[in-house]
Amino acid sequence: GNVTRISPEAPVPVVEFKRESFMPGGAANVARNLTALCATTELLGAVGPDSAAAELGRLLTAQRVGHRGLVTCRARPTSIKTRIVASQQQVVRIDRESRDGLDPKLTRQLLALARREIPRAAAVIIGDYGKGVVTQPLLDGLKELCRAHGVWLSLDPKPSHALNLCGFSLVTPNRREAFALANLGDDTRHENPLADKNLLQAAERLMNEIHPALLLVTLGEQGMLLCQRNCKPLHIPTVAQEIFDVSGAGDTVIATFTLAIAAGASPVEAAILSNHAAGVVVGKVGTATVTPDELLASFAK
(Lines of atoms letter the chains of each structure in order from A and count residues from 1; the text may use other names and numbers.)
(Lines give C-alpha, C1' and ligand atoms only; values in the text may rest on other atoms or scores of the structure.)
Protein backbone atom coordinates (compact mmCIF):
# COMPACT_ATOMS: atom_id res chain seq x y z
CA GLY A 1 0.00 0.00 0.00
CA ASN A 2 0.90 3.66 0.40
CA VAL A 3 1.56 5.88 3.40
CA THR A 4 0.01 9.34 3.08
CA ARG A 5 -0.47 10.36 6.70
CA ILE A 6 0.33 9.65 10.33
CA SER A 7 -2.37 8.15 12.53
CA PRO A 8 -4.08 10.60 14.90
CA GLU A 9 -4.28 7.75 17.45
CA ALA A 10 -0.52 7.19 17.76
CA PRO A 11 2.69 8.33 16.01
CA VAL A 12 2.54 5.52 13.44
CA PRO A 13 1.98 5.56 9.67
CA VAL A 14 -1.41 4.74 8.17
CA VAL A 15 -0.99 2.31 5.28
CA GLU A 16 -3.72 2.54 2.66
CA PHE A 17 -4.34 -1.01 1.44
CA LYS A 18 -3.76 -1.63 -2.28
CA ARG A 19 -3.23 -5.35 -2.72
CA GLU A 20 -2.01 -8.52 -1.05
CA SER A 21 -0.13 -11.56 -2.29
CA PHE A 22 0.80 -14.95 -0.89
CA MET A 23 4.19 -16.60 -1.42
CA PRO A 24 5.78 -19.76 -0.03
CA GLY A 25 8.50 -19.00 2.50
CA GLY A 26 11.14 -20.82 4.51
CA ALA A 27 12.07 -24.22 3.12
CA ALA A 28 9.24 -23.83 0.60
CA ASN A 29 11.07 -20.80 -0.80
CA VAL A 30 14.21 -22.90 -1.20
CA ALA A 31 12.14 -25.47 -3.08
CA ARG A 32 10.55 -22.92 -5.40
CA ASN A 33 14.00 -21.45 -6.13
CA LEU A 34 15.14 -24.90 -7.19
CA THR A 35 12.08 -25.42 -9.35
CA ALA A 36 12.54 -22.00 -10.99
CA LEU A 37 15.98 -23.26 -12.06
CA CYS A 38 14.37 -26.34 -13.63
CA ALA A 39 15.13 -28.83 -10.85
CA THR A 40 12.71 -31.54 -9.77
CA THR A 41 12.07 -30.87 -6.09
CA GLU A 42 10.35 -32.63 -3.20
CA LEU A 43 9.61 -30.59 -0.07
CA LEU A 44 9.59 -32.08 3.43
CA GLY A 45 8.40 -30.16 6.46
CA ALA A 46 5.61 -29.57 8.96
CA VAL A 47 2.39 -27.59 8.61
CA GLY A 48 -0.67 -27.10 10.77
CA PRO A 49 -4.28 -28.22 10.18
CA ASP A 50 -5.31 -24.82 8.84
CA SER A 51 -6.20 -22.74 5.81
CA ALA A 52 -2.60 -21.54 5.47
CA ALA A 53 -1.47 -25.11 4.83
CA ALA A 54 -4.13 -25.50 2.14
CA GLU A 55 -3.05 -22.22 0.50
CA LEU A 56 0.59 -23.32 0.65
CA GLY A 57 -0.31 -26.58 -1.06
CA ARG A 58 -2.09 -24.72 -3.86
CA LEU A 59 0.85 -22.38 -4.37
CA LEU A 60 3.36 -25.23 -4.43
CA THR A 61 1.28 -27.20 -6.91
CA ALA A 62 1.01 -24.15 -9.17
CA GLN A 63 4.79 -23.73 -9.03
CA ARG A 64 5.46 -27.43 -9.71
CA VAL A 65 7.01 -28.09 -6.30
CA GLY A 66 6.41 -31.60 -4.98
CA HIS A 67 5.04 -31.52 -1.45
CA ARG A 68 4.11 -35.08 -0.56
CA GLY A 69 6.63 -34.76 2.26
CA LEU A 70 4.64 -32.23 4.28
CA VAL A 71 3.32 -33.67 7.52
CA THR A 72 0.47 -32.16 9.54
CA CYS A 73 1.08 -31.35 13.20
CA ARG A 74 -2.20 -30.68 14.99
CA ALA A 75 -0.42 -28.97 17.88
CA ARG A 76 1.08 -26.15 15.82
CA PRO A 77 -0.01 -23.66 13.15
CA THR A 78 1.49 -23.29 9.71
CA SER A 79 4.11 -20.55 10.01
CA ILE A 80 2.92 -17.26 8.51
CA LYS A 81 4.95 -14.08 8.15
CA THR A 82 2.91 -11.04 7.14
CA ARG A 83 4.89 -8.11 5.78
CA ILE A 84 3.25 -4.70 5.51
CA VAL A 85 5.02 -2.85 2.69
CA ALA A 86 4.46 0.77 1.71
CA SER A 87 6.22 2.40 -1.25
CA GLN A 88 8.56 -0.62 -1.49
CA GLN A 89 9.62 -0.20 2.16
CA GLN A 90 8.68 -2.75 4.82
CA VAL A 91 6.78 -1.02 7.62
CA VAL A 92 6.27 -3.96 9.98
CA ARG A 93 6.27 -7.77 10.00
CA ILE A 94 3.82 -9.96 11.91
CA ASP A 95 4.83 -13.56 12.71
CA ARG A 96 2.28 -16.25 13.53
CA GLU A 97 4.08 -19.48 14.34
CA SER A 98 5.25 -21.98 16.94
CA ARG A 99 8.86 -22.63 17.93
CA ASP A 100 8.04 -25.71 20.00
CA GLY A 101 9.97 -28.85 19.18
CA LEU A 102 8.29 -31.19 16.73
CA ASP A 103 6.65 -34.32 18.14
CA PRO A 104 9.21 -37.19 17.88
CA LYS A 105 6.58 -39.27 16.05
CA LEU A 106 6.42 -36.63 13.32
CA THR A 107 10.22 -36.50 13.16
CA ARG A 108 10.23 -40.25 12.54
CA GLN A 109 7.54 -39.73 9.91
CA LEU A 110 9.69 -37.12 8.15
CA LEU A 111 12.67 -39.48 8.21
CA ALA A 112 10.54 -42.25 6.71
CA LEU A 113 9.54 -39.89 3.89
CA ALA A 114 13.19 -38.90 3.42
CA ARG A 115 14.17 -42.56 3.27
CA ARG A 116 11.84 -42.92 0.29
CA GLU A 117 13.12 -39.83 -1.55
CA ILE A 118 16.86 -39.67 -0.87
CA PRO A 119 17.95 -42.73 -2.91
CA ARG A 120 16.83 -40.94 -6.10
CA ALA A 121 18.03 -37.47 -5.08
CA ALA A 122 21.13 -35.66 -6.31
CA ALA A 123 21.23 -33.43 -3.22
CA VAL A 124 19.40 -32.60 -0.01
CA ILE A 125 19.04 -29.12 1.51
CA ILE A 126 18.13 -28.53 5.15
CA GLY A 127 16.85 -25.07 5.99
CA ASP A 128 16.82 -24.55 9.76
CA TYR A 129 14.61 -21.56 10.60
CA GLY A 130 14.53 -22.19 14.34
CA LYS A 131 10.86 -23.26 14.39
CA GLY A 132 11.38 -26.59 16.14
CA VAL A 133 11.21 -28.83 13.08
CA VAL A 134 14.98 -29.30 12.65
CA THR A 135 16.14 -31.29 15.66
CA GLN A 136 19.23 -33.38 16.36
CA PRO A 137 17.46 -36.69 15.61
CA LEU A 138 16.30 -35.29 12.26
CA LEU A 139 19.79 -34.00 11.38
CA ASP A 140 21.44 -37.27 12.39
CA GLY A 141 18.93 -39.33 10.44
CA LEU A 142 19.33 -37.24 7.29
CA LYS A 143 23.14 -37.31 7.55
CA GLU A 144 23.07 -41.09 7.86
CA LEU A 145 20.75 -41.47 4.85
CA CYS A 146 22.77 -39.10 2.67
CA ARG A 147 26.04 -40.78 3.65
CA ALA A 148 24.63 -44.21 2.83
CA HIS A 149 23.51 -43.12 -0.64
CA GLY A 150 26.36 -40.74 -1.48
CA VAL A 151 24.05 -37.71 -1.61
CA TRP A 152 25.25 -34.12 -1.16
CA LEU A 153 23.86 -32.51 2.01
CA SER A 154 23.63 -28.73 2.47
CA LEU A 155 22.62 -26.88 5.65
CA ASP A 156 21.47 -23.32 6.24
CA PRO A 157 21.98 -23.21 10.04
CA LYS A 158 20.24 -21.40 12.87
CA PRO A 159 22.62 -20.90 15.82
CA SER A 160 19.85 -19.93 18.25
CA HIS A 161 19.55 -23.57 19.32
CA ALA A 162 22.49 -25.87 20.01
CA LEU A 163 22.89 -28.69 17.50
CA ASN A 164 25.80 -30.85 16.37
CA LEU A 165 26.48 -29.53 12.87
CA CYS A 166 29.41 -31.77 11.98
CA GLY A 167 29.57 -33.70 8.74
CA PHE A 168 27.75 -31.57 6.16
CA SER A 169 28.80 -31.07 2.56
CA LEU A 170 27.97 -27.35 2.67
CA VAL A 171 27.08 -24.94 5.48
CA THR A 172 25.83 -21.44 4.56
CA PRO A 173 25.58 -19.07 7.54
CA ASN A 174 25.36 -15.33 7.15
CA ARG A 175 27.96 -13.21 8.94
CA ARG A 176 25.99 -12.90 12.18
CA GLU A 177 25.25 -16.64 12.24
CA ALA A 178 28.88 -17.52 11.49
CA PHE A 179 30.12 -15.54 14.49
CA ALA A 180 27.42 -17.02 16.72
CA LEU A 181 28.27 -20.57 15.63
CA ALA A 182 31.97 -19.89 16.21
CA ASN A 183 31.17 -18.35 19.63
CA LEU A 184 33.07 -15.18 18.74
CA GLY A 185 32.24 -11.50 19.02
CA ASP A 186 31.98 -9.40 15.87
CA ASP A 187 33.13 -6.01 17.11
CA THR A 188 34.88 -4.71 13.99
CA ARG A 189 34.27 -5.07 10.28
CA HIS A 190 36.79 -4.47 7.50
CA GLU A 191 35.73 -3.20 4.10
CA ASN A 192 37.79 -6.02 2.56
CA PRO A 193 36.59 -9.41 3.88
CA LEU A 194 39.98 -10.99 3.13
CA ALA A 195 41.57 -8.46 5.50
CA ASP A 196 38.86 -8.93 8.13
CA LYS A 197 40.73 -10.84 10.84
CA ASN A 198 37.62 -11.49 12.91
CA LEU A 199 35.73 -12.93 9.95
CA LEU A 200 38.65 -15.12 8.89
CA GLN A 201 39.04 -16.36 12.46
CA ALA A 202 35.34 -17.27 12.65
CA ALA A 203 35.50 -19.08 9.32
CA GLU A 204 38.65 -20.97 10.31
CA ARG A 205 37.11 -22.03 13.61
CA LEU A 206 34.00 -23.36 11.87
CA MET A 207 36.08 -25.28 9.33
CA ASN A 208 38.08 -26.85 12.17
CA GLU A 209 35.19 -27.53 14.55
CA ILE A 210 32.25 -28.65 12.41
CA HIS A 211 34.31 -29.87 9.43
CA PRO A 212 32.07 -29.02 6.47
CA ALA A 213 33.47 -29.84 3.05
CA LEU A 214 32.55 -26.26 2.10
CA LEU A 215 31.66 -23.18 4.12
CA LEU A 216 29.94 -20.28 2.38
CA VAL A 217 29.48 -17.18 4.55
CA THR A 218 27.06 -14.69 3.02
CA LEU A 219 28.04 -11.08 3.70
CA GLY A 220 25.17 -8.98 2.38
CA GLU A 221 26.47 -5.98 0.45
CA GLN A 222 30.01 -7.43 0.66
CA GLY A 223 29.08 -10.58 -1.27
CA MET A 224 30.24 -13.91 0.14
CA LEU A 225 33.27 -15.78 1.45
CA LEU A 226 33.94 -19.35 0.24
CA CYS A 227 36.13 -21.62 2.38
CA GLN A 228 37.26 -25.12 1.46
CA ARG A 229 39.93 -27.53 2.65
CA ASN A 230 43.53 -26.80 1.64
CA CYS A 231 42.55 -23.58 -0.16
CA LYS A 232 42.74 -19.93 0.79
CA PRO A 233 39.36 -18.28 1.45
CA LEU A 234 37.85 -16.73 -1.67
CA HIS A 235 35.91 -13.46 -1.54
CA ILE A 236 33.22 -13.01 -4.19
CA PRO A 237 31.97 -9.38 -4.31
CA THR A 238 28.26 -8.76 -4.72
CA VAL A 239 26.88 -8.06 -8.18
CA ALA A 240 23.60 -6.59 -6.92
CA GLN A 241 22.75 -3.34 -8.69
CA GLU A 242 19.73 -2.35 -6.59
CA ILE A 243 18.53 -3.77 -3.29
CA PHE A 244 14.78 -3.63 -2.67
CA ASP A 245 14.28 -6.64 -0.38
CA VAL A 246 16.72 -9.16 1.10
CA SER A 247 13.92 -11.51 2.24
CA GLY A 248 14.79 -15.05 1.20
CA ALA A 249 18.15 -14.19 -0.39
CA GLY A 250 19.83 -16.88 1.71
CA ASP A 251 17.32 -19.41 0.37
CA THR A 252 18.29 -18.46 -3.17
CA VAL A 253 21.99 -18.80 -2.37
CA ILE A 254 21.81 -22.30 -0.90
CA ALA A 255 19.41 -23.49 -3.61
CA THR A 256 21.53 -22.20 -6.49
CA PHE A 257 24.84 -23.35 -5.00
CA THR A 258 23.58 -26.85 -4.23
CA LEU A 259 21.92 -27.25 -7.62
CA ALA A 260 25.11 -26.11 -9.37
CA ILE A 261 27.17 -28.68 -7.44
CA ALA A 262 24.63 -31.39 -8.30
CA ALA A 263 24.95 -30.42 -11.97
CA GLY A 264 28.74 -30.79 -11.89
CA ALA A 265 29.98 -27.26 -11.13
CA SER A 266 33.10 -26.66 -9.07
CA PRO A 267 32.69 -24.95 -5.68
CA VAL A 268 33.99 -21.66 -7.11
CA GLU A 269 31.62 -21.87 -10.08
CA ALA A 270 28.72 -22.69 -7.75
CA ALA A 271 29.56 -19.72 -5.53
CA ILE A 272 29.72 -17.33 -8.49
CA LEU A 273 26.38 -18.62 -9.77
CA SER A 274 24.72 -18.26 -6.37
CA ASN A 275 26.17 -14.76 -5.98
CA HIS A 276 24.56 -13.71 -9.26
CA ALA A 277 21.29 -15.37 -8.27
CA ALA A 278 21.25 -13.45 -4.98
CA GLY A 279 21.99 -10.24 -6.86
CA VAL A 280 18.87 -10.81 -8.96
CA VAL A 281 16.43 -11.65 -6.15
CA VAL A 282 17.38 -8.74 -3.86
CA GLY A 283 16.29 -6.46 -6.69
CA LYS A 284 12.75 -7.83 -6.37
CA VAL A 285 10.14 -7.19 -3.71
CA GLY A 286 9.30 -10.08 -1.36
CA THR A 287 10.66 -13.61 -1.29
CA ALA A 288 11.60 -14.20 -4.90
CA THR A 289 13.17 -16.67 -7.30
CA VAL A 290 15.57 -16.38 -10.21
CA THR A 291 15.18 -17.98 -13.64
CA PRO A 292 17.93 -19.28 -15.95
CA ASP A 293 17.29 -16.36 -18.31
CA GLU A 294 17.70 -13.87 -15.45
CA LEU A 295 20.97 -15.53 -14.45
CA LEU A 296 22.26 -15.30 -18.01
CA ALA A 297 21.25 -11.64 -18.16
CA SER A 298 23.12 -10.98 -14.90
CA PHE A 299 26.31 -12.49 -16.30
CA ALA A 300 25.90 -10.47 -19.49
CA LYS A 301 25.97 -7.14 -17.62
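Numbering (this note's numbering), first residue to last: 717 to 1017.
Glycine included, every Cβ here is placed at the ideal spot set by N, Cα and C.
Quick caveat, the model's predicted, so the values are computed rather than measured.
* Asked: Among D872, P820, G761, S795, which one has its Cα closest to the Cα of G782?
  -> Against the sequence shown, residue 782 aligns to sequence position 66. Nearest C-alpha to G782: G761.
* Asked: Looking at the structure shown, is V1001 part of a helix, part of a strand, or coil, going by DSSP?
  -> Position 285 of the sequence shown, counted from the first residue, corresponds to residue 1001. Note: V1001 maps to coil in three-state DSSP.
* Asked: Does DSSP classify E813 as helix, strand or coil?
  -> For this step, residue 813 is matched to residue 97 along the sequence shown. Note: E813 maps to coil in three-state DSSP.
* Asked: Does the beta carbon of L750 come closer than 7 Å to any beta carbon on chain C?
  -> This model lacks chain C altogether; it includes just one protein chain.
* Asked: Residues in its own chain within less than 8 Å of A981 by CB, not counting five upstream and five downstream?
  -> One-based indexing of the sequence shown puts residue 981 at position 265. The residues are L989.
* How is V746 classed by DSSP in three states: helix, strand or coil? -> Counted from its first residue, the sequence shown places residue 746 at position 30. In the structure shown, V746 sits in a helix (DSSP, three-state: H, G or I).
* **Whole-angstrom C-beta distance between P949 and L910, which should lie under 8 Å** => Position 194 of the sequence shown, counting from 1, holds the residue named residue 910. Position 233 of the sequence shown, counting from 1, holds the residue named residue 949. Indeed, because the Cβ distance is near 7 Å, the residues count as touching under 8 Å.
* Asked: Which stretch, first to last residue, makes up the alpha helix (DSSP H) that contains A802?
  -> Translated into the one-based positions of the sequence shown, residue 802 becomes position 86. It is not in any alpha helix (DSSP H) - A802 instead sits in the beta strand (DSSP E) that spans 796-802.
* Is it true that the CB of G995 sits closer than 7 Å to the CB of M739? -> In the sequence shown, residue 739 corresponds to position 23, counting from 1. In the sequence shown, residue 995 corresponds to position 279, counting from 1. Contact flag unset, no.
* Asked: Can you give the Cα-Cα distance for T904 and A918, rounded to whole angstroms?
  -> To locate residue 904, count along the sequence shown from 1; it is residue 188. To locate residue 918, count along the sequence shown from 1; it is residue 202. Straight-line Cα distance between these residues: approximately 13 Å.
* **Contiguous beta strand (DSSP E) assignments of at least 3 residues, all confined to the stretch 825-882** => 839-843, 868-872
* Asked: Tell me the DSSP bridge mates of P729?
  -> As a position in the sequence shown, residue 729 is number 13, starting the count at 1. Paired residue(s): I722.
* Is it right to say V850 is buried, meaning 16 or more other beta carbons lie within 10 angstroms of its own, or is it exposed? -> Taking the first residue of the sequence shown as position 1, residue 850 is located at position 134. Result: buried.
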